[in-house]
Every structure is written in C-alpha cells, then in structure tokens.
Amino acid sequence: MTAIRKLDTMPNRNRLYEEEPWHRRGLRFFPVGNYLVFYKTDEETEIVYVVRIMYGGRDVHKQLSQTEYVSVN
367 MTAIRKLDTM PNRNRLYEEE PWHRRGLRFF PVGNYLVFYK TDEETEIVYV
417 VRIMYGGRDV HKQLSQTEYV SVN
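Numbering (my numbering), first residue to last: 367 to 439.
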C-alpha cells in the first residue's frame with residue numbers, strides 16, 4: 367500500500383483519533399479509499415506500528431474496542 371509507505375516521512379502529520387482512550391495513547395489515522403488506517407508512532411525508536419485497517423463504514427468505535435492494542439512507549 368503506497369499510502370502506508372508514506373508514513374516513513376512525517377508520520378505525525380495525520381490527526382489523532384478523537385475518542386478516548388485512543389487519543390491519549392497517540393492513535394492516529396488516515397483514510398485510504400473506503401478504509402481507515404490506524405497507527406501509532408514510537409518517537410524514540412522512530413517506528414510506526416499499524417494497529418488496524420478497517421472498512422470506514424463499520425462502527426469504528428466498536429471495532430477499536432475489540433482490537434487488541436499493544437502499548438508502545
């Protein structure tokens with residue numbers, strides 16, 4: 367996916383997901399066609415972790431609640 371490769375430069379340019387607890391965890395997202403890519407960056411190691419890619423028409427809050435989230439940092 368070309369859009370995900372673009373995270374290599376300026377990964378924090380995309381906005382934070384507004385709902386808690388994901389906002390305080392630094393979860394960011396961006397659309398790719400009909401899908402949403404959710405990711406987290408580790409500033410210290412400069413690694414981007416893609417947490418989830420999902421269809422944008424789904425109940426995003428519910429789907430994220432069911433996603434096993436590995437804390438970074």
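We treat Cβ as the ideally placed atom computed from N, Cα and C, and that holds for glycine. Since this is a predicted model, take the numbers as computed values, not measurements.
Taking a C-beta distance under 8 angstroms as the contact criterion, residue 422 and residue 406 do not qualify as a contact pair.
Judged by DSSP in its simplified three-state form, residue 425 adopts coil rather than helix or strand. Ranked by how close their Cα comes to the Cα of residue 385, the residues 427, 433, 434 and 368 have 427 in first place.
One alpha carbon belongs to residue 383, the other to residue 397, and they sit about 12 angstroms apart. Rounded to whole angstroms, the gap between the alpha carbons of residue 416 and residue 371 is 11 angstroms. The C-beta distance from residue 381 to residue 394 rounds to 7 angstroms, short enough to meet the 8 angstroms contact threshold.
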